[in-house]
Every structure is written in C-alpha cells, then in structure tokens.
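Peer 1: Sharing a structure with you now.
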Amino acid sequence: MNKVLVVKAHPKSIDSSKSLQIGKVFIESYKKSHPDDQVTIRDVYADKVPLINNENFDIWKKFKFGKDFFDLPKDQQQLMKGHVEWLDEFLENDKYVFINPMYNLFLPAELKQYFDVVAIVGKTFKYTEKGPVGLLKNKKAFHIQSTGGIYQGKDNEDQDIGDLYLRAIMKLFGINDYQSVLLEGVDDFPDQAEKMLNEASIKAKESAKVF
Numbered sequence: 001m002n003k004v005l006v007v008k009a010h011p012k013s014i015d016s017s018k019s020l021q022i023g024k025v026f027i028e029s030y031k032k033s034h035p036d037d038q039v040t041i042r043d044v045y046a047d048k049v050p051l052i053n054n055e056n057f058d059i060w061k062k063f064k065f066g067k068d069f070f071d072l073p074k075d076q077q078q079l080m081k082g083h084v085e086w087l088d089e090f091l092e093n094d095k096y097v098f099i100n101p102m103y104n105l106f107l108p109a110e111l112k113q114y115f116d117v118v119a120i121v122g123k124t125f126k127y128t129e130k131g132p133v134g135l136l137k138n139k140k141a142f143h144i145q146s147t148g149g150i151y152q153g154k155d156n157e158d159q160d161i162g163d164l165y166l167r168a169i170m171k172l173f174g175i176n177d178y179q180s181v182l183l184e185g186v187d188d189f190p191d192q193a194e195k196m197l198n199e200a201s202i203k204a205k206e207s208a209k210v211f
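In the working numbering, the protein residues as written are 1 to 211.
As structure tokens, this is what we get:
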C-alpha cells in the first residue's frame, strides 16, 4: 500500500476553480485504480500553514545539529508542534499531488509557505561537500496547475516560475519522478476554455491510473 498526500492550494470552491476540478478527476481516477492506497487531502488555505518566524529558525537549527523534538523545552515544543506535525505528515507519504492556480507567475503564497515548513535540513535534504542531497528516495510528485496564459513551449516558458520551482524543490528533496497536467490559456482563449478543461481532465484521469 502506498500513501498519497494531496496538497490543495486554492482559496476558491471547486465550482470556481478549474485546477480543483482537474484535481478531483485525478483523485477519483487514482482511488479507482489504486483501491488499497491511502489518500490524504491537505488544504493549505483551510488548514492554515504554520507561520515561519525568528523563533522557528532558531529551533530548526537545533534539529539541524541532531536535537530531538522531545529534547526541547515545553514552550518550544508547543511552538513547533504544528510544524513537526505537518513535516511528519509530508515525510510519511510516498506520493505527492499538488493542485494550484498560477498567481502572478508563481505559486500561491500559502503553498510556498508550506514548502518552507517541510524543507528542513536533515529531514527532506542534507548538505554535503558536493552540494545538497535529497533524502526522499523512490517517491513521486504530480503537479496540477491552471493558468490564464500559455507558457509551455513558448518564448515565455521561463515565466511559469511556479512549475519550475515545484520541480526544483522536489529535486532538492530527492524526488525526480515528476509529472504534471498544466491547463493553460483559459483567459487568452475563453471560447476554448471548456475544451481545454476537458482535455486536461482526460490527461489527468489517464495519468492517475499509472501514477
């Protein structure tokens, strides 16, 4: 049995979000194709990602040098409890699905904040003399994103910073099996938006079967 973590990063309802609609198709197809797998959904808007501040950084330094959570003073344990729970949830899963819109060429701030919580030295990656090395081996990631414009295969492809970042941080974690369904151009070509959505949904459905 594999454990799958679906990270949703969209403030709108599914009726108003094309990426969430595609995500629903993906999840339903995955569950049907992998009935024994466990799927957990984490909504970073509804669940509120733990905040990052100076106190957090000081404590993460202790973890970096081998200190255990239960070695911390009680007040610091309370401060870090949420962070550790979110990190542990991330670590215990085998596959990851990220669902989001593009906001100003990037990911929603809540999703970036989520990665700040789980990108921890000694947990998801480590530093070596040859550079950082990912610690999450034999895992997979899938990205579902909707954008108003078209970027892939165009001169402005490097402006889709969100997908580039997500691919890069997965690689930092050691996850090289990275796939995506990117719904593009729904604002540029509103008359074709429904057709584009249907095509992306079909791709998501088929991709989920073998993910």
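Backbone N, C-alpha and C fix where the C-beta goes; we use that ideal spot for every residue, glycine too.
Bear in mind that the values here come from a model prediction, so they are computed numbers and not experimental data.
For PHE98, which beta-bridge partners are listed by DSSP?
Peer 2: Looking up residue 98 in the sequence shown gives position 98. Its beta-bridge partners are VAL7, HIS143.
Peer 1: Based on Cα-Cα distance, which residue from SER146, LEU135, PHE70, GLY174 lies nearest to GLY162?
Peer 2: Indexing the sequence shown from 1 puts residue 162 at position 162. Considering only alpha carbons, the answer is SER146.
Peer 1: If you draw a straight line from the alpha carbon of THR124 to that of ILE202, how long is it in whole angstroms?
Peer 2: In the sequence shown, the residue the question calls residue 124 occupies position 124. In the sequence shown, the residue the question calls residue 202 occupies position 202. Cα to Cα, THR124 sits roughly 33 angstroms from ILE202.
Peer 1: Suppose contacts are defined by Cβ-Cβ distances below 9 angstroms. Is ALA141 in contact with LYS209 by that definition?
Peer 2: Within the sequence shown, residue 141 is the residue found at index 141, counting from 1. Within the sequence shown, residue 209 is the residue found at index 209, counting from 1. No, Cβ-Cβ distance for ALA141 and LYS209 is not below 9 angstroms.
Peer 1: Exposed or buried, ASN198, counting other C-beta atoms within 10 Å across all chains shown (16 or more means buried)?
Peer 2: The residue you call residue 198 lines up with position 198 of the sequence shown. Exposed, by the Cβ-count rule.
Peer 1: Where do the N-terminal and C-terminal ends of the alpha helix (DSSP H) with LYS12 fall, by residue?
Peer 2: Within the sequence shown, the letter at position 12 stands for residue 12. Neither: LYS12 is in no alpha helix (DSSP H) and is coded neither H nor E.
Peer 1: From the DSSP output, in three-state form, read off VAL118 for me.
Peer 2: Stepping through the sequence shown from its first residue, residue 118 is reached at position 118. Helix at VAL118.
Peer 1: Name the DSSP beta bridge partners of PRO73, please?
Peer 2: The residue you call residue 73 lines up with position 73 of the sequence shown. Answer by DSSP bridge pairing: none, since PRO73 is not bridged.
Peer 1: Is the separation between the beta-carbon of ILE52 and that of LEU87 shorter than 9 angstroms?
Peer 2: The count along the sequence shown starts at 1 and reaches residue 52 at position 52. The count along the sequence shown starts at 1 and reaches residue 87 at position 87. No.
Peer 1: Can you grab the Cα-Cα spacing for the pair LYS31 / LEU182, in whole Å?
Peer 2: In the sequence shown, residue 31 corresponds to position 31, counting from 1. In the sequence shown, residue 182 corresponds to position 182, counting from 1. Between LYS31 and LEU182, the C-alpha separation is close to 21 angstroms.
Peer 1: Helix, strand or coil: which one does DSSP assign to ILE22?
Peer 2: Working through the sequence shown from its first residue, we reach residue 22 at position 22. In this structure, ILE22 counts as helix in the three-state DSSP scheme.
Peer 1: In or out: ALA109 buried (at least 16 other Cβ within 10 Å) or exposed?
Peer 2: Start at 1 with the first residue of the sequence shown, and residue 109 comes out as number 109. Exposed, by the Cβ-count rule.
Peer 1: Leaving out the 5 sequence neighbours to the left and right, which residues in its chain are closer than 6 angstroms to ASN93 when beta-carbon positions are compared?
Peer 2: The residue you call residue 93 lines up with position 93 of the sequence shown. Cβ within range, chain order: LYS3, LEU5.
Peer 1: In the DSSP output, which residue or residues are listed as bridge partners for LEU182?
Peer 2: One-based indexing of the sequence shown puts residue 182 at position 182. Its beta-bridge partners are GLN145.
Peer 1: Taking the alpha-carbon positions, what's the LYS18 to ALA204 distance?
Peer 2: The residue you call residue 18 lines up with position 18 of the sequence shown. The residue you call residue 204 lines up with position 204 of the sequence shown. Counting only the Cα atoms, ALA204 lies some 12 angstroms from LYS18.
Peer 1: Would the beta-carbon of ALA193 be found less than 8 angstroms away from any heavy atom of the ligand PLP?
Peer 2: Of ligands this structure carries none, so the ligand PLP is not represented either.
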